[in-house]
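Enquirer:
2 protein chains.
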Amino acid sequence: MNEKAGKQSIRFGEPPYIIGSAAVAGPKEIDGPMAKYFDRVSEDATFGKDSWEEGESEMVRQAVNMAIQKSGIEKEEIRYIFAGDLLGQIIASTFGIKDMSIPTFGLYGACSTCGEALSLSAMTIAAGYADNVIAEASSHYGSAEKQFRFPLEYGNQRPLSATWTVTGSGAFVVSNRESEVCIKGVTTGKIVDYGVKDSMNMGACMAPAAADVIYQHLQDFGIKPTYYDRIITGDLGKVGKTILTDLLAMNNIDISGNHMDCGIEIFDNDEQDTHSGGSGCGCSATVLAGYILKMVASGEWKRVLFVPTGAMLSTVSFNEGQTIPGIAHAVMIEHHEKGKDV
Amino acid sequence: MNEKAGKQSIRFGEPPYIIGSAAVAGPKEIDGPMAKYFDRVSEDATFGKDSWEEGESEMVRQAVNMAIQKSGIEKEEIRYIFAGDLLGQIIASTFGIKDMSIPTFGLYGACSTCGEALSLSAMTIAAGYADNVIAEASSHYGSAEKQFRFPLEYGNQRPLSATWTVTGSGAFVVSNRESEVCIKGVTTGKIVDYGVKDSMNMGACMAPAAADVIYQHLQDFGIKPTYYDRIITGDLGKVGKTILTDLLAMNNIDISGNHMDCGIEIFDNDEQDTHSGGSGCGCSATVLAGYILKMVASGEWKRVLFVPTGAMLSTVSFNEGQTIPGIAHAVMIEHHEKGKDV
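Taken in sequence, the protein lines are chains A and B. This note's numbering applies: residue 1 is where the first sequence begins, and numbers increase by one. This note's numbering applies: residue 343 is where the second sequence begins, and numbers increase by one.
(1) In this structure, what does DSSP give as the bridge partners for Asp85 (chain A)?
(2) If you draw a straight line from the alpha carbon of Met66 (chain A) to that of Phe609 (chain B), how long is it in whole angstroms?
(3) Can you tell which of B:Thr436, B:Cys453 and B:Ala364 has the C-alpha that lies nearest to the C-alpha of Ile444 (chain B)?
(4) Name the residues in the region 294-318 of chain A whose C-beta lies less than 7 Å from a C-beta of chain B; which are they?
(5) Are the region 34-47 of chain A and the region 147-160 of chain A touching by the rule of at least three beta carbon pairs closer than 8 Å?
(6) Contact check, Leu87 (chain A) vs Ser143 (chain A) under 8 Å by CB: the rounded distance?
(7) So for Arg403 (chain B), helix, strand or coil by DSSP?
(8) On the DSSP bridge assignment, give the partners of Cys182 (chain A) in chain order.
(9) Consider the Cβ of Pro103 (chain A): report whether some Cβ of chain B lies at a distance smaller than 7 Å.
(10) CB-CB under 6 Å to Leu248 (chain A), same chain, minus the five flanking residues each way: which ones, in chain order?
(11) Identify each residue in the region 496-509 of chain B for which the Cβ-Cβ distance to at least one residue of chain A is less than 8 Å, and report them in chain order.
(12) Using only CA atoms, which one of A:His275, A:Ala122 and A:Asn258 lies nearest to Asn176 (chain A)?
(13) Based on DSSP bridge pairs, tell me the residues matched to Lys4 (chain A).
(14) I'd like to know whether the C-beta atoms of Ile232 (chain A) and Met260 (chain A) end up nearer to each other than 7 Å.
(15) Residues of chain B with CB closer than 9 Å to the CB of Gln69 (chain A), please, in chain order.
(16) Going by other Cβ atoms of all chains shown within 10 Å of its Cβ, with 16 needed for buried, is Leu293 (chain A) buried or exposed?
(17) Does the beta-carbon distance from Gly579 (chain B) to Thr505 (chain B) come in below 7 Å?
(18) Measuring straight from C-alpha to C-alpha, what distance separates Val555 (chain B) and Arg645 (chain B)?
(19) Measuring CB to CB, does Gly321 (chain A) end up less than 7 Å from Ala311 (chain A)?
(20) Whose C-beta lies closer than 7 Å to the C-beta of Val60 (chain A) among residues of the same chain, with five residues either side of it excluded?
(21) Spell out whether any CB of chain A is found under 7 Å from the CB atom of Lys417 (chain B).
(22) Which residues in chain A have a C-beta closer than 8 Å to the C-beta of Ile533 (chain B)? List them in chain order.
(23) So the candidates are A:Tyr228, A:Gly109, A:Tyr17 and A:Ile81; which of them puts its Cα closest to the Cα of Gly280 (chain A)?
(24) So what does DSSP say about Phe362 (chain A), is it helix, strand or coil?
(25) Between the Cα of Lys7 (chain A) and those of A:Phe221, A:Thr104 and A:Asp193, spot the shortest distance and give me the residue it belongs to.
(26) Given a cut-off of 7 Å on the beta-carbon distance, is the pair Ala204 (chain A) and Val192 (chain A) in contact?
(27) When the Cα atoms are used, what is the spatial distance from Leu130 (chain A) to Ile81 (chain A)?
(28) In terms of DSSP beta bridges, what is Gly599 (chain B) paired with?
(29) Contact defined as beta carbons within less than 8 Å: I believe Ile361 (chain B) pairs with Ser521 (chain B). What is the distance between those atoms, to the nearest angstrom?
(30) In the DSSP output, which residue or residues are listed as bridge partners for Ile669 (chain B)?
(31) In angstroms, rounded to a whole number, what distance separates the CA positions of Val516 (chain B) and Lys49 (chain A)?
(32) Give me the chain B residues within the contact set of Met202 (chain A), using Cβ-Cβ distance strictly less than 8 Å, ordered along the chain.
(33) Distance check for Ser399 (chain B) and Leu462 (chain B), CA to CA, integer angstroms please.
(34) Less than 7 Å between the C-beta atoms of Leu305 (chain A) and Ala289 (chain A), yes or no?
(35) Listed in chain order, which residues of the region 210-226 of chain A have Cβ atoms closer than 7 Å to some Cβ of chain B?
(36) Please confirm if Pro325 (chain A) has its CB atom under 7 Å from at least one CB of chain B.
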């Protein structure tokens with residue numbers, strides 16, 4: 001039986017599985033330490049298309065199709081798709097999936113979208129509403145910088161607190177068919193606003209939301225951080241990581257020994273001049289699809305808490321003097337011995 | 343038992359109920375025929391704030407708080423909120439609900455968002471993941487025109503196919519507590535693209551998606567259009583209504599006798615110079631919260647199919663020469679005699 005756990009979590013009775021995943025990324029990511037785990041990396045930032053936006057959609061298309069292919073099921077067996085990206089009106093997702101003829105739930109959770117999509121996918125499967133669904137999220141350095149900050153041609157200086165939006169898409173087939181990776185539960189985050197107004201310091205905007213959802217997750221399930229091999233945030237970067245561990249330490253929760261941040265892992269930040277780290281929906285989505293799931297499937301990691309983090313930045317609200325609130329969603333991903341009861 | 347129905351629908355075993363709703367709207371809506379059903383209308387388009395965007399957030403805040411109040415439950419009993427709007431990075435929703443401390447799923451389905459939010463809310467309640475959740479959607483004429491078309495000060499001429507974005511927010515408390523209105527099932531729409539590229543003719547962009555989801559809904563549940571007292575689309579307007587009825591007629595489905603469109607009902611289109619009709623997430627959301635639910639609760643209408651319709655318009659994709667695909671989601675809303683089995 002599925003059950004409500006604590007204040008804002010769900011524990012699944014029969015945990016859904018991730019039976020296929022794919023990571024597609026761009027030219028900057030090729031030189032990063034994660035590239036070898038990705039299914040496809042492209043030297044061409046437009047992925048053979050005419051614009052960054054169309055390129056991002058092409059990346060979405062490739063990731064979804066590859067995830068389905070790797071899962072071994074047919075596209076016709078996919079009942080729903082939960083997808084989103086950073087662009088206004090989520091055009092990267094829309095144009096990426098529009099010809100697939102799959103009922104669609106469009107999502108916006110900024111860079112936490114991968115967590116939101118996986119949560120709703122797992123909830124849908126565990127409730128018996130579908131046998132197979134897709135969760136997908138993407139971002140693109142070119143389309144995101146153009147929308148949120150400066151034209152790339154302007155070549156603005158980036159402070160050391162800035163992160164670099166990952167060009168990448170991660171797609172996942174969530175299913176009731178058994179595999180080595182299951183989703184045991186989810187904790188849905190609240191919007192948390194500490195009043196930060198610096199669009200070049202996304203880590204500081206998101207860290208309070210990450211701390212809030214991790215704290216609540218541990219409370220709701222009555223577990224300690226050491227329950228997990230890794231607690232993995234999305235794209236806090238170096239600045240956000242420090243704030244997160246400090247905030248949790250103030251609540252007597254120590255994650256310093258097993259915390260990992262996808263934004264810190266995806267680039268060689270000193271060599272690649274990416275400053276605080278990588279960011280964007282595609283950051284946590286590709287690192288999960290490419291690297292983390294392999295570690296869990298092999299059993300090297302038995303349990304991870306995956307916590308994509310989002311900053312609700314908009315140029316409109318930002319220019320009108322508003323803050324940048326954060327949100328984060330936590331997904332309990334665990335190794336599963338095939339044939340064993342969960 | 344909840345069950346999958348046909349290709350893209352869900353039939354709920356124990357249908358969730360709508361136990362509270364509220365509609366808040368703006369100055370143009372005051373002169374429309376629906377105004378008398380709304381909970382609050384404001385002469386001030388900024389709702390006492392400094393900008394249209396902040397005004398839209400204020401409208402969201404008021405609608406959500408009023409819906410909770412009318413439902414008779416406490417805010418602390420709300421487990422999740424499903425919300426979205428038309429603005430980039432859904433800032434109207436984010437800033438409207440950020441201080442409520444409720445776990446949040448941000449959605450983007452263009453003007454179909456109310457249907458998407460109600461679908462996910464009903465799925466969440468019927469699965470036992472929560473006792474009470476909120477579904478909410480909003481739009482604002484000022485913030486939407488500024489984002490999607492021309493500055494209002496420019497005073498551009500609007501063709502007769504154009505619709506007028508509704509300034510309004512509708513909020514709903516979906517619950518497992520009995521009320522006179524229940525949600526029997528949902529049909530989730532696919533993105534449908536007929537290649538329309540006219541941003542001043544949203545009706546034509548959305549009608550194929552509405553036809554697709556209505557057709558599939560009737561197939562999935564094995565029912566005829568006459569099962570419903572009304573089949574109610576979101577904001578097709580006069581142009582879209584004609585296309586919808588024609589498209590369905592080509593498939594031998596006649597909805598001409600019981601079709602209604604919120605966009606046609608919300609304004610006195612001839613008197614108010616709103617041309618094809620009203621549009622925006624707030625159009626279907628306020629007409630549902632204010633008018634339709636009263637008709638269903640009283641039993642005047644026993645069954646309605648509520649089908650908010652969205653056009654995936656973005657200035658970026660539009661200016662890059664892309665089409666404007668549509669999406670629509672169908673929600674089966676029925677009168678419930680308290681105390682009777684459903």
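By construction, the Cβ of each residue, glycine as well, lies at the ideal position given by its N, Cα and C atoms.
Expert: Inspection of the coordinates gives the following:
(1) Translated into the one-based positions of the first sequence, residue 85 (chain A) becomes position 85. Paired residue(s): A:Ser138.
(2) In the first sequence, the residue the question calls residue 66 (chain A) occupies position 66. In the second sequence, the residue the question calls residue 609 (chain B) occupies position 267. So the two alpha carbons sit approximately 47 Å from each other.
(3) Taking the first residue of the second sequence as 1, we reach residue 444 (chain B) at position 102. If we check each option's Cα against that of Ile444 (chain B), B:Thr436 comes out closest.
(4) Met312, Leu313, Ser314, Val316 and Ser317
(5) no
(6) As a working mapping, residue 87 (chain A) is identified with position 87 in the first sequence. As a working mapping, residue 143 (chain A) is identified with position 143 in the first sequence. About 6 Å separates the two Cβ atoms, so the contact holds.
(7) As a first step, residue 403 (chain B) is located in the second sequence; it is residue number 61 there, counting from the start. Residue state, collapsed to three classes: helix.
(8) Mapped onto the first sequence, residue 182 (chain A) falls at position 182. Answer by DSSP bridge pairing, in chain order: A:Tyr17 and A:Glu334.
(9) Counted from its first residue, the first sequence places residue 103 (chain A) at position 103. Judged by the 7 Å Cβ criterion, Pro103 (chain A) is in contact with chain B.
(10) For the purposes of this step, residue 248 (chain A) is identified with residue 248 of the first sequence, where counting begins at 1. Once the five neighbours on either side are set aside, the close Cβ partners of Leu248 (chain A) are Ala211 and Ile255.
(11) none
(12) The count along the first sequence starts at 1 and reaches residue 176 (chain A) at position 176. For the residues A:His275, A:Ala122 and A:Asn258, the minimum Cα distance to Asn176 (chain A) belongs to A:Ala122.
(13) In the first sequence, counting from the first residue as 1, residue 4 (chain A) sits at position 4. Paired residues: A:Ile10.
(14) The residue you call residue 232 (chain A) lines up with position 232 of the first sequence. The residue you call residue 260 (chain A) lines up with position 260 of the first sequence. A contact, by the Cβ cut-off of 7 Å.
(15) Translated into the one-based positions of the first sequence, residue 69 (chain A) becomes position 69. Within chain B, no residue comes near Gln69 (chain A); the closest Cβ sits about 21 Å away, beyond 9 Å.
(16) Within the first sequence, the letter at position 293 stands for residue 293 (chain A). By the neighbour-count rule (16 or more Cβ atoms within 10 Å), Leu293 (chain A) is buried.
(17) In the second sequence, counting from the first residue as 1, residue 579 (chain B) sits at position 237. In the second sequence, counting from the first residue as 1, residue 505 (chain B) sits at position 163. It is a contact, given that the beta carbons lie within the stated cut-off.
(18) On the second sequence, position 213 is the one that residue 555 (chain B) refers to. On the second sequence, position 303 is the one that residue 645 (chain B) refers to. Distance between the alpha carbons of Val555 (chain B) and Arg645 (chain B): 17 Å.
(19) Against the first sequence, residue 321 (chain A) aligns to sequence position 321. Against the first sequence, residue 311 (chain A) aligns to sequence position 311. No. Outside cutoff.
(20) If you number the first sequence from 1, residue 60 (chain A) lands on position 60. Once the five neighbours on either side are set aside, the close Cβ partners of Val60 (chain A) are Ala92, Ser93, Gly96, Ile97, Glu136, Ser138 and Ser169.
(21) What you label residue 417 (chain B) is simply residue 75 of the second sequence in a count that begins at 1. Not closer than 7 Å to any Cβ of chain A, the Cβ of Lys417 (chain B) fails to qualify, so no.
(22) As a position in the second sequence, residue 533 (chain B) is number 191, starting the count at 1. In chain order: Thr94, Ile97, Lys98 and Thr104.
(23) Here residue 280 (chain A) is taken as the residue at index 280 of the first sequence, counted from 1. If we check each option's Cα against that of Gly280 (chain A), A:Gly109 comes out closest.
(24) Outside the shown range of chain A, which is 1 to 342, sits residue 362 (chain A), and nothing can be said about it.
(25) For this step, residue 7 (chain A) is matched to residue 7 along the first sequence. For the residues A:Phe221, A:Thr104 and A:Asp193, the minimum Cα distance to Lys7 (chain A) belongs to A:Phe221.
(26) Stepping through the first sequence from its first residue, residue 204 (chain A) is reached at position 204. Stepping through the first sequence from its first residue, residue 192 (chain A) is reached at position 192. No; because the gap between Cβ atoms is not below 7 Å, this pair is not in contact.
(27) Taking the first sequence and counting its residues from 1, the one referred to as residue 130 (chain A) is at position 130. Taking the first sequence and counting its residues from 1, the one referred to as residue 81 (chain A) is at position 81. Correcting the residue type first, residue 130 (chain A) is Ala in the shown sequence and not Leu. Cα to Cα, Ala130 (chain A) sits roughly 11 Å from Ile81 (chain A).
(28) Here residue 599 (chain B) corresponds to residue number 257 of the second sequence, with the count starting at 1. Partner(s): none; Gly599 (chain B) has no beta bridge.
(29) As a first step, residue 361 (chain B) is located in the second sequence; it is residue number 19 there, counting from the start. As a first step, residue 521 (chain B) is located in the second sequence; it is residue number 179 there, counting from the start. The Cβ separation is near 5 Å, so the contact holds.
(30) Indexing the second sequence from 1 puts residue 669 (chain B) at position 327. The partner list for Ile669 (chain B) (beta bridge, DSSP) reads B:Gly652.
(31) Counting from 1 along the second sequence, the entry for residue 516 (chain B) is found at position 174. Counting from 1 along the first sequence, the entry for residue 49 (chain A) is found at position 49. Taking the straight line joining both Cα atoms gives about 43 Å.
(32) To locate residue 202 (chain A), count along the first sequence from 1; it is residue 202. Residues of chain B passing the Cβ test: none, with the nearest at roughly 13 Å.
(33) For this step, residue 462 (chain B) is matched to residue 120 along the second sequence. For this step, residue 399 (chain B) is matched to residue 57 along the second sequence. For Leu462 (chain B) and Ser399 (chain B), the distance between alpha carbons rounds to 22 Å.
(34) Mapped onto the first sequence, residue 305 (chain A) falls at position 305. Mapped onto the first sequence, residue 289 (chain A) falls at position 289. It is not a contact, given that the beta carbons lie outside the stated cut-off.
(35) none
(36) Numbered from its first residue, the first sequence carries residue 325 (chain A) at position 325. So yes, Pro325 (chain A) belongs to the interface.
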